[in-house]
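*Asks:*
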Amino acid sequence: DVVLTQTPPTLSATIGQSVSISCRSSQSLLHSNGNTYLNWLLQRPGQPPQLLIYLVSRLESGVPNRFSGSGSGTDFTLKISGVEAEDLGVYYCVQSTHAPWTFGGGTKLELK
Amino acid sequence: EVKLQQSGDELVRPGASVKMSCKASGYTFTDYAMHWVKQSPGQGLEWIGTIIPLIDTTSYNQKFKGKATLTADKSSNTAYMELSRLTSEDSAVYYCARSTTTDYWGQGVMVTVSS
Numbered sequence: 063d064v065v066l067t068q069t070p071p072t073l074s075a076t077i078g079q080s081v082s083i084s085c086r087s088s089q090s091l092l093h094s095n096g097n098t099y100l101n102w103l104l105q106r107p108g109q110p111p112q113l114l115i116y117l118v119s120r121l122e123s124g125v126p127n128r129f130s131g132s133g134s135g136t137d138f139t140l141k142i143s144g145v146e147a148e149d150l151g152v153y154y155c156v157q158s159t160h161a162p163w164t165f166g167g168g169t170k171l172e173l174k
Numbered sequence: 004e005v006k007l008q009q010s011g012d013e014l015v016r017p018g019a020s021v022k023m024s025c026k027a028s029g030y031t032f033t034d035y036a037m038h039w040v041k042q043s044p045g046q047g048l049e050w051i052g053t054i055i056p057l058i059d060t061t062s063y064n065q066k067f068k069g070k071a072t073l074t075a076d077k078s079s080n081t082a083y084m085e086l087s088r089l090t091s092e093d094s095a096v097y098y099c100a101r102s103t104t105t106d107y108w109g110q111g112v113m114v115t116v117s118s
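Protein chains in written order, with the numbering used here: chain A, 63 to 174; chain B, 4 to 118.
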């Protein structure tokens, strides 16, 4: 199975600070069809996960543009340009290029 | 408005089975695959499997073969997951999620396995 390693596991930030989360894959997530199926999710406390970014860098409808995704192959990054209070929670990367789908271990974003 | 409404929380005895539902509304049910995800207490997320309602095709994470059975009822726009031979390891929250991008999620079903 593909292993997704997220760093850091915990991130402390102040409101307005820009932060980045890394997701590294044990193998390339480039599919034979040319797409890279790497998404980013946010799970707020007591809530189901919600989609932020799909196909590495495409912003889901309704998601603020302070969120951005980048990367290719095995290295991916989620950036939040100016953290807001509503951004607190656990962030997960997830890949669906290879079966079974796998998730990163999560990065908990806290207020400093 | 797209919505995935899951059935209520369950308290079940060890060795029993449980069947939960995920009722879809606001879109054409057969246009999208439905995925099921497990979140164990304080843990991360695990993909259980996928059903494509249009052609009733399923795929499973090997880890959950024999444990989970996915079905779908096109007449009621509802996906189901049955978990069998439950143990304490199956106590978790189970989510359904639409499409490869998982753009919509159900609210989750908490399953507690206890005698």
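No residue lacks a Cβ here, since even glycine has one placed at the ideal position from N, Cα and C.
Are any of the Cβ atoms in chain B nearer than 8 Å to that of residue 37(A)?
*Replies:* Given a span of 63 to 174 for chain A in the structure shown, any question on residue 37(A) remains unanswerable.
*Asks:* CA-CA distance, residue 112(B) and residue 95(B)?
*Replies:* Along the second sequence, read from residue 1 onward, the residue named residue 112(B) stands at position 109. Along the second sequence, read from residue 1 onward, the residue named residue 95(B) stands at position 92. Taking the CA atoms as reference points, residue 112(B) sits about 8 Å from residue 95(B).
*Asks:* Name the residue from 101(A), 127(A), 128(A) and 107(A) whose alpha carbon lies nearest to the alpha carbon of residue 116(A).
*Replies:* Walking along the first sequence from the start, residue 116(A) turns up at place 54. Answer by Cα proximity: 101(A).
*Asks:* Going by CA-CA distance only, name the one from 77(A), 167(A), 90(A) and 92(A) that's closest to residue 128(A).
*Replies:* In the first sequence, counting from the first residue as 1, residue 128(A) sits at position 66. When only C-alpha atoms are compared, the closest one is 77(A).
*Asks:* Strictly under 8 Å for the Cβ-Cβ distance: is residue 73(B) near chain A by that measure?
*Replies:* Translated into the one-based positions of the second sequence, residue 73(B) becomes position 70. No, its Cβ sits nowhere closer than 8 Å to a Cβ of chain A.
*Asks:* What residues from chain A crowd round residue 28(B), counting only those whose CB sits closer than 8 Å?
*Replies:* Locating residue 28(B) in the second sequence gives position 25, counting from the first residue. Result: empty, since nearest Cβ-Cβ is about 16 Å, beyond 8 Å.
*Asks:* Is residue 119(B) buried or exposed, if buried means 16 or more other CB atoms sit within 10 Å of its CB?
*Replies:* Outside the shown range of chain B, which is 4 to 118, sits residue 119(B), and nothing can be said about it.
*Asks:* Which same chain residues end up closer than 6 Å to residue 106(A) when comparing Cβ atoms and leaving out the 5 residues on each side of it in sequence?
*Replies:* Numbered from its first residue, the first sequence carries residue 106(A) at position 44. Counting only Cβ-Cβ distances below 6 Å, and skipping sequence neighbours, we find 151.
*Asks:* Hey, would you say residue 108(B) sits closer than 8 Å to residue 110(A), going by beta carbons?
*Replies:* As a first step, residue 108(B) is located in the second sequence; it is residue number 105 there, counting from the start. As a first step, residue 110(A) is located in the first sequence; it is residue number 48 there, counting from the start. Yes, these two residues count as a Cβ contact at 8 Å.
*Asks:* Are residue 52(B) and residue 67(B) close, meaning C-beta to C-beta below 8 Å?
*Replies:* The count along the second sequence starts at 1 and reaches residue 52(B) at position 49. The count along the second sequence starts at 1 and reaches residue 67(B) at position 64. Yes, these two residues count as a Cβ contact at 8 Å.
*Asks:* Of all the residues that make up the segment 96 to 114 of chain B, which are near chain A by a beta-carbon distance shorter than 9 Å?
*Replies:* 96, 98, 100, 103, 104, 105, 106, 107, 108, 109, 110 and 111
*Asks:* So, are the CB atoms of residue 112(A) and residue 121(A) less than 8 Å apart?
*Replies:* Residue numbering aside, residue 112(A) sits at position 50 when the first sequence is read from its first letter. Residue numbering aside, residue 121(A) sits at position 59 when the first sequence is read from its first letter. Not a contact, by the Cβ cut-off of 8 Å.
*Asks:* Would you say residue 88(A) and residue 118(A) are within 8 Å of each other, going by their C-beta atoms?
*Replies:* Here residue 88(A) is taken as the residue at index 26 of the first sequence, counted from 1. Here residue 118(A) is taken as the residue at index 56 of the first sequence, counted from 1. Taking 8 Å as the Cβ cut-off, residue 88(A) and residue 118(A) do not qualify as a contacting pair.
*Asks:* Flag residue 87(A) as yes if its beta-carbon sits less than 8 Å from any beta-carbon of chain B, otherwise no.
*Replies:* Along the first sequence, read from residue 1 onward, the residue named residue 87(A) stands at position 25. No - not a single Cβ of chain B is within 8 Å of the one on residue 87(A).
*Asks:* Determine the burial state of residue 60(B): buried for a count of at least 16 other Cβ atoms within 10 Å of its Cβ, exposed for fewer.
*Replies:* On the second sequence, residue 60(B) is found 57 positions in, with the first residue counted as 1. Classification of residue 60(B): exposed, given that the 10 Å Cβ count is below 16.
*Asks:* Ignoring anything shorter than 3 residues, give me the beta strand (DSSP E) runs that lie fully in the segment 66 to 107 of chain B, in order along the chain.
*Replies:* Here the runs fully enclosed are 71 to 76, 81 to 86 and 95 to 101.
*Asks:* DSSP on residue 4(B), reduced to helix/strand/coil?
*Replies:* Position 1 of the second sequence, counted from the first residue, corresponds to residue 4(B). It is coil, neither helix nor strand.
*Asks:* The segment 141 to 160 of chain A: which residues have C-beta closer than 9 Å to a C-beta of chain B, in chain order?
*Replies:* 152, 154, 156 and 158
*Asks:* For residue 172(A), which residues of its own chain have a beta-carbon under 6 Å away from its beta-carbon, when the five flanking residues on both sides are left out?
*Replies:* For the purposes of this step, residue 172(A) is taken as the residue at position 110 of the first sequence. So the qualifying residues of the chain are 74.
*Asks:* Which value, in whole angstroms, describes the spacing of the CA atoms of residue 70(B) and residue 77(B)?
*Replies:* Position 67 of the second sequence holds residue 70(B). Position 74 of the second sequence holds residue 77(B). The alpha-carbon atoms of residue 70(B) and residue 77(B) are separated by roughly 23 Å.
*Asks:* Would you mind sorting residue 5(B) into buried or exposed? The rule is 16 or more other CB atoms within 10 Å of its CB.
*Replies:* Position 2 of the second sequence, counted from the first residue, corresponds to residue 5(B). Only exposed fits residue 5(B), as fewer than 16 other CB atoms lie within 10 angstroms of its CB.
*Asks:* Could you compute how far the alpha carbon of residue 92(A) sits from the alpha carbon of residue 134(A)?
*Replies:* Stepping through the first sequence from its first residue, residue 92(A) is reached at position 30. Stepping through the first sequence from its first residue, residue 134(A) is reached at position 72. Cα to Cα, residue 92(A) sits roughly 8 Å from residue 134(A).
*Asks:* Hey, does residue 65(B) have any beta-carbon neighbour from chain A nearer than 8 Å?
*Replies:* The residue labelled residue 65(B) in the question sits at position 62 within the second sequence. For residue 65(B), the answer is yes, since a Cβ of chain A falls inside 8 Å of its Cβ.
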